[in-house]
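First the structure, in the form of structure tokens, and then the observations on it.
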Amino acid sequence: MTAHWFQYLQKEIPTLKTHFISLKLPSSLPDDVATQLKGRSMLVRKLRVFPLEAIVRGYITGSAWSSYKKTGEVNGKKMPEGLQESQEFPEPIYTPSTKAELGEHDENITTERAAKIVGEKYAKRIEELSLQVYKAARDYARERGIIIADTKFEFGLDEEADEVVLIDEVLTPDSSRFWPKSEYQVGRSQSSFDKQGLRDWLTQNGLKGKEDVEMPDDVVEATRAKYLEAFKILTGASLEETLRTMD
Numbered sequence: 001m002t003a004h005w006f007q008y009l010q011k012e013i014p015t016l017k018t019h020f021i022s023l024k025l026p027s028s029l030p031d032d033v034a035t036q037l038k039g040r041s042m043l044v045r046k047l048r049v050f051p052l053e054a055i056v057r058g059y060i061t062g063s064a065w066s067s068y069k070k071t072g073e074v075n076g077k078k079m080p081e082g083l084q085e086s087q088e089f090p091e092p093i094y095t096p097s098t099k100a101e102l103g104e105h106d107e108n109i110t111t112e113r114a115a116k117i118v119g120e121k122y123a124k125r126i127e128e129l130s131l132q133v134y135k136a137a138r139d140y141a142r143e144r145g146i147i148i149a150d151t152k153f154e155f156g157l158d159e160e161a162d163e164v165v166l167i168d169e170v171l172t173p174d175s176s177r178f179w180p181k182s183e184y185q186v187g188r189s190q191s192s193f194d195k196q197g198l199r200d201w202l203t204q205n206g207l208k209g210k211e212d213v214e215m216p217d218d219v220v221e222a223t224r225a226k227y228l229e230a231f232k233i234l235t236g237a238s239l240e241e242t243l244r245t246m247d
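With the UniProt record's numbering as the guide, the letters of the sequence shown map in order to residues 1 to 247.
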């Protein structure tokens, strides 16, 4: 799915640079390694990663909704009064967070603090690209029946060209909230194509944040089915069909 988005976005936003090179694996890889990596790996450029999570929110939900109910703000920004859960913002908002070390939690921060972490020039470009990419993806997905409520991007620096580059996974159910457009209704939580169901199961069973959790087969299969459905809706082909084209 990430490769699909990279290819689409670079056509829609000619100035966008990504780390994506190819889905084809280097011929130098041993056969046993290539077999394990095929269909689940990308060849990419190695770049210096900015220590920021670039989050764009098109709809008020999740931690943004919780913050708004308490303070009327999201990431330190005053929001319009009277917003309802899952309501679309007049314009998407950029709400960065820190990129925590493994085992630690990301922290929502202001754009001013983000500028102090990565430098004002790069922070401004990251914000600009994040909003551009979100809007292009939002429109594409909406036409196909999926609402991208919010998403997280990561960026790296091409030090030789001094360019900010889109990296990592992009617009997947792991990094985004995908809602079925046909079921969308303001004022409540939404059904989704992402990992929210898994999050809910962990929370209900007191397992959120714990390691080495063994999930029941029905939870795994339900999550897998949602991911596969989102993949087919957004790419126009099933995962199996896509993998066959890589043979």
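By construction, the Cβ of each residue, glycine as well, lies at the ideal position given by its N, Cα and C atoms. Every value quoted in this text rests on a predicted model; they were computed, and no experiment measured them.
Taking 8 Å as the cut-off, the beta carbon of S192 is found closer than this to the beta carbon of F178. A direct Cα-to-Cα measurement between K70 and Q36 gives close to 47 Å. Around the Cβ of A161, a 10 Å sphere holds fewer than 16 other Cβ atoms; the residue is exposed. Burial of S176 is indicated by the presence of at least 16 other C-beta atoms within 10 angstroms of its C-beta. Taking C-beta separations shorter than 6 Å and ignoring five residues to either side along the sequence, the partners of A123 in its chain run A114, A115, following chain order.
Here DSSP, grouped into helix, strand and coil, assigns E107 to coil. N205 counts as exposed, since fewer than 16 other C-beta atoms from the protein chains shown sit within 10 angstroms of its C-beta. Using a 10 angstroms sphere on the CB of T15, the tally of other CB atoms stays under 16, which defines it as exposed. Note on P80: under 16 other CB atoms within 10 angstroms of its CB, so exposed under the neighbour-count rule. For D194, the secondary structure class from DSSP, reduced to helix, strand or coil, is coil. Counting C-beta pairs with one atom in each stretch, the region 22–42 and the region 124–144 have fewer than three that are closer than 8 Å, which means they do not touch. At least 8 Å separates the beta-carbon of V186 from that of W201. The Cβ neighbour count for K17, taken over all protein chains shown within 10 Å, is at least 16; the residue is labelled buried. In this structure, the straight-line span from the alpha carbon of V213 to that of E104 is close to 17 Å.
Assigned with DSSP and collapsed to three states, F231 falls in helix. Our two residues, A237 and A54, have alpha carbons roughly 29 Å apart in a direct line.
With respect to T98, P51 sits close: the two C-beta atoms are nearer than 8 Å. For I60, the three-state secondary structure derived from DSSP is coil. Counting the other Cβ atoms within 10 Å of the Cβ of T172 gives 16 or more, which makes it buried. Per DSSP, reduced to three states, the secondary structure at L243 is helical.
Here G197 has V219, A222, T223, K226 as same chain residues with Cβ atoms under 8 Å from its own Cβ, once five neighbours each way along the sequence are excluded. Contact annotation: R57 and P96 have beta-carbon atoms that are not nearer than 8 Å.
E163 has D158 as its beta-bridge partners, per DSSP.
Per DSSP, the beta-bridge partners of T98 are L52.
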